[in-house]
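Enquirer: Numbering (the working numbering) for the sequence shown: 605 to 675. Virtual Cβ for every residue (Gly too), placed ideally from N, Cα, C. Small disclaimer: the values here were computed from a predicted structure and weren't measured. What follows is a single structure, and I will ask about it in a moment.
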Amino acid sequence: MLSNNRWIVVLGDPGSGKTTFVRWLVSIYIQAISQNKPAVSSDDSPQDAEHNNVDSVAGPTRMPILIRVGE
């Protein structure tokens, strides 16, 4: 996802997991930044239920900025 796109917008109904997803994504990037990693690899992502690496986050390490749009 972020390896091919610099920006993302997370949309969804209330309770659909937007905030949970963004917090998880931020934690992955903050961990990479704290370890001085130049990139986030599929090895840094948690494994799914079938124990396959989730490689949708792979890409260069960036500083995550969360912008919440109020109602």
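(1) Among the residues of its own chain, which have a CB less than 7 Å from the CB of V626, if the five just before and after it don't count?
(2) Grab me the residues of G619's own chain with a C-beta within less than 8 Å of its C-beta, minus the 5 sequence neighbours each way, in chain order.
(3) Please return the same chain residues whose Cβ sits closer than 8 Å to the Cβ of T665, not counting the five positions on each side in sequence.
(4) Per DSSP, which one or two residues make a beta bridge with A643?
(5) Give the straight-line distance between the Cα atoms of R672 and S631, rounded to the nearest whole angstrom.
Expert: From the atom records:
(1) Here residue 626 corresponds to residue number 22 of the sequence shown, with the count starting at 1. Counting only Cβ-Cβ distances below 7 Å, and skipping sequence neighbours, we find V614, L670.
(2) Taking the sequence shown and counting its residues from 1, the one referred to as residue 619 is at position 15. Contacts found: none.
(3) Counting from one through the sequence shown, the residue named residue 665 turns up at place 61. Within its own chain, the residues whose Cβ lies closer than 8 Å to the Cβ of T665, once the five positions on either side in sequence are excluded, are Y633, A636, I637, K641, P642, A643, V644, listed in chain order.
(4) Walking along the sequence shown from the start, residue 643 turns up at place 39. According to DSSP, A643 bridges with P664.
(5) As a position in the sequence shown, residue 672 is number 68, starting the count at 1. As a position in the sequence shown, residue 631 is number 27, starting the count at 1. Distance between the alpha carbons of R672 and S631 is about 17 Å.
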